[in-house]
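Participant: The structure is given below, and queries will be raised subsequently.
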Amino acid sequence: MTANREQALERISAGPFHTTYKIGDITVTSLRDGYVDMPIKRLRQPGDKPYGDDLPAQVQLVEGMLRLSVNAFAIDDGQDISLIDTGSSNAWHPSMGFLPQALSEAKIAVERIRTVAFTHTHLDHIHGLILADGRDGFPLLSRLLVPRPELDMFRAEARLKRFHDRAQPFEAGQRLSTNIETMAAHGHEVGHTCFRVASGGETLLIWGDTVHVPSLQFDRPEVAWEFDADQEQARASRLRLLALAADNACFVAGAHLDSPGVGRVFRTEKGFRFEPL
Ligand SMILES: [Zn+2]
Numbered sequence: 376m377t378a379n380r381e382q383a384l385e386r387i388s389a390g391p392f393h394t395t396y397k398i399g400d401i402t403v404t405s406l407r408d409g410y411v412d413m414p415i416k417r418l419r420q421p422g423d424k425p426y427g428d429d430l431p432a433q434v435q436l437v438e439g440m441l442r443l444s445v446n447a448f449a450i451d452d453g454q455d456i457s458l459i460d461t462g463s464s465n466a467w468h469p470s471m472g473f474l475p476q477a478l479s480e481a482k483i484a485v486e487r488i489r490t491v492a493f494t495h496t497h498l499d500h501i502h503g504l505i506l507a508d509g510r511d512g513f514p515l516l517s518r519l520l521v522p523r524p525e526l527d528m529f530r531a532e533a534r535l536k537r538f539h540d541r542a543q544p545f546e547a548g549q550r551l552s553t554n555i556e557t558m559a560a561h562g563h564e565v566g567h568t569c570f571r572v573a574s575g576g577e578t579l580l581i582w583g584d585t586v587h588v589p590s591l592q593f594d595r596p597e598v599a600w601e602f603d604a605d606q607e608q609a610r611a612s613r614l615r616l617l618a619l620a621a622d623n624a625c626f627v628a629g630a631h632l633d634s635p636g637v638g639r640v641f642r643t644e645k646g647f648r649f650e651p652l
């Protein structure tokens, strides 16, 4: 596989809340849970320094705030569906919690979702297990996978109490199915994980919170996020995944890349560039 060859994923369907792509023999759907607005000070230069007047002009703001998409991703191998992250439900800001609408728009029956796996256990990724009305989001769920280093964090979420004992830890490097393999991408959180999805010679890295602000962090991957558990480690993981994607012509899918949040990564003179599909 060369990094330069002409490449695109076939888009099967799309709407305001979802986009479905074909990757070899499987499909991956980006599901839009919503968005969250964050202050500029969340961006951290090396040394944990916030930006002031020196904020680069390329940073896109909405009414003075950083607007982060919140996306989850469903992988359908024809038998059942694995969901990577679940959005916020009603546990945070009302601008999120649209995953059920996204699933219905994508014509994904929630009964087909048998595996839910988390990139990490922050609230905009895990609370969709329970709907706003208190019912289970995925009534036939058989596997609930949490990165091992974050099992206790998951079990500290009172709203998800009925799932505490059902959660199974997974190890980085563990394969979830024929097409899905996990990779450690620690830093943003202690167990932060990337899911490598491969079929028919194409590879997609569902990389969670590797990039929070796409208008800046591809170009300047050294810029970290205030909520990174370990900014230095998060930087190293970001650089490693960006290089992996750029040098191997992998597609990437990000929880906070502008919806649908799927595209390719290219090297530039100093950093990287994201090309959305
Ligand atoms: Zn997040």
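Each residue of the sequence shown is one higher than the one before, starting from 376 at the first, in this note's numbering.
Built from N, CA and C at the ideal position, the CB exists for glycine as well.
Predicted model only: the values in this text are computed from it and were never measured.
1. Note down the Cα distance separating Y410 from R442, rounded to an integer number of angstroms.
2. Whole angstroms is fine: what's the gap from T377's alpha carbon to P425's?
3. Using only alpha-carbon positions, find the residue among K397, T578 and V485 that is nearest to V640.
4. Per DSSP, what kind of secondary structure is K482 in: helix, strand or coil?
5. Is it true that the region 429 to 442 meets the region 532 to 546, where meeting means three or more beta-carbon pairs spaced less than 8 Å apart?
6. Going by beta carbon distance, what residues of the same chain come within less than 7 Å of V485, once the five residues before and after it are set aside?
7. Quick check: is any heavy atom of ligand 1 less than 8 Å from the C-beta of H631?
8. Can you give the Cα-Cα distance for P524 and V445, rounded to whole angstroms?
9. Please return the same chain residues whose Cβ sits closer than 7 Å to the Cβ of A620, not counting the five positions on each side in sequence.
10. From the DSSP secondary-structure annotation, give me the bridge partner or partners of Q420.
11. Quick one, which of M413, D423, I456 and L498 has its alpha-carbon nearest A685's?
12. In terms of DSSP beta bridges, what is E650 paired with?
13. Compute the beta-carbon to beta-carbon distance between A542 and L526, rounded to the nearest angstrom, for a pair I have assumed lies under 8 Å.
14. Looking only at its chain, what residues have a beta carbon closer than 6 Å to the beta carbon of Q592, apart from the 5 residues adjacent to it on each side?
15. Go to E577, then tell me how far its beta strand (DSSP E) extends in each direction, as first and last residue.
16. Quick check on A611: does DSSP put it in helix, strand or coil?
17. Quick check on S457: does DSSP put it in helix, strand or coil?
Facilitator: Working from what's here:
1. If I take the Cα positions, the gap works out to 7 Å.
2. In this prediction, T377 scores a pLDDT of 45, lower than 50, which makes its location untrustworthy; no coordinate-derived value is stated.
3. T578
4. The answer is coil: DSSP assigns K482 none of H, G, I, E or B.
5. no
6. Contacts found: L478, G512, F513 and P514.
7. yes
8. 23 Å
9. L580, V627 and V640
10. According to DSSP, Q420 bridges with K424.
11. The shown model of the chain, from 376 to 652, leaves out residue 685, and the question about it has no answer.
12. R639
13. Right, their Cβ atoms sit about 6 Å apart.
14. V586 and V598
15. E577 to I581
16. helix
17. It is a strand residue.
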